[in-house]
Amino acid sequence: GENVEQHPSTLSVQEGDSAVIKCTYSDSASNYFPWYKQELGKRPQLIIDIRSNVGEKKDQRIAVTLNKTAKHFSLHITETQPEDSAVYFCAARKSSGAGSYQLTFGKGTKLSVIP
Amino acid sequence: DVKVTQSSRYLVKRTGEKVFLECVQDMDHENMFWYRQDPGLGLRLIYFSYDVKMKEKGDIPEGYSVSREKKERFSLILESASTNQTSMYLCASHGPVEQFFGPGTRLTVL
Chain H
65 GENVEQHPST LSVQEGDSAV IKCTYSDSAS NYFPWYKQEL GKRPQLIIDI RSNVGEKKDQ
125 RIAVTLNKTA KHFSLHITET QPEDSAVYFC AARKSSGAGS YQLTFGKGTK LSVIP
Chain E
91 DVKVTQSSRY LVKRTGEKVF LECVQDMDHE NMFWYRQDPG LGLRLIYFSY DVKMKEKGDI
151 PEGYSVSREK KERFSLILES ASTNQTSMYL CASHGPVEQF FGPGTRLTVL
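Chains as they are written, first to last, in this note's numbering: chain H, 65 to 179; chain E, 91 to 200.
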């Protein structure tokens, strides 16, 4: 099955600096890679995703890059703000057959933005 | 707006009790999931279902069972609760694009 590794497990940055979280996956058939943000006491929510036919996607201060050859993808947050403090999860998914919507998650990165 | 709801936010049970956690989604999604979330271990898949009355084991199914009698409802059952099942339980529903999570149930087994 799929295996997703996520690094680092914790990350502290100064407000205004950039943050990068990296994930690797094992199954070359995976073709959809979402990122979820979980604020303290709340449910995980999708913040950005990328499909395997795209190398990069941006949405304001967040961007995701994908390297299919190396089987890794990264989340980039620029100009970090205190409200970016949360746990971030990466995930990978194949999309064919029964159970095709099963996501495999990384173990999460706790991001702390220091004012 | 997709809504995934869970029957309880907090639950305290005793060892050996049978525990039911219920999840309901209102978007006619076929795929539903149960995860447990523990510090440092991320989201681990317990069971999932891709259709009514269909169920598949995830990565950690031992000690759990599930029921999907109706499309909108997916129940997680702890047949005989144990202290190592103390955790946050998250239900999710997956549509054609995105997976949505419920608010979670924090279960404590004493």
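Glycine included, C-beta positions come from ideal geometry on N, C-alpha and C.
Using CA atoms only, rank isn't needed, just tell me which of the options is closest to residue i.
i, options, result
"residue 139(H)", "71(H), 145(H), 95(H)", "71(H)"
"residue 83(H)", "156(H), 158(H), 149(H), 167(H)", "149(H)"
"residue 74(H)", "169(H), 165(H), 151(H), 178(H)", "151(H)"
"residue 99(E)", "180(E), 136(E), 144(E), 151(E)", "180(E)"
"residue 116(E)", "197(E), 182(E), 194(E), 200(E)", "182(E)"
Assuming residue i and residue j are in contact, meaning their beta carbons sit under 8 Å apart, how far apart are those beta carbons, in whole angstroms?
i, j, result
"residue 90(H)", "residue 67(H)", "4 Å"
"residue 144(H)", "residue 80(H)", "7 Å"
"residue 137(H)", "residue 102(H)", "That belief does not hold up - the Cβ atoms of residue 137(H) and residue 102(H) are roughly 18 Å apart, past 8 Å."
Can you tell me where the beta strand (DSSP E) with residue i in it begins and where it stops?
i, result
"residue 140(H)", "136-141"
"residue 122(E)", "121-128"
"residue 110(H)", "109-115"
"residue 69(H)", "68-71"
"residue 83(H)", "83-89"
"residue 112(E)", "109-115"
"residue 98(H)", "96-102"
"residue 137(E)", "132-139"
"residue 142(E)", "Counting along the chain, residue 142(E) falls outside any beta strand (DSSP E), and DSSP gives it neither H nor E."
Helix, strand or coil, according to DSSP, for residue i in the structure here?
i, result
"residue 129(H)", "strand"
"residue 123(H)", "strand"
"residue 159(E)", "strand"
"residue 147(H)", "helix"
"residue 173(E)", "helix"
"residue 102(E)", "strand"
"residue 174(H)", "strand"
"residue 155(H)", "strand"
"residue 167(H)", "coil"
"residue 147(E)", "strand"
"residue 118(H)", "coil"
"residue 77(H)", "strand"
"residue 92(H)", "coil"
Uninterrupted alpha helix (DSSP H) stretches inside the region 175-200 of chain E (no shorter than 4 residues): Counting only runs of 4 or more, we get nothing.
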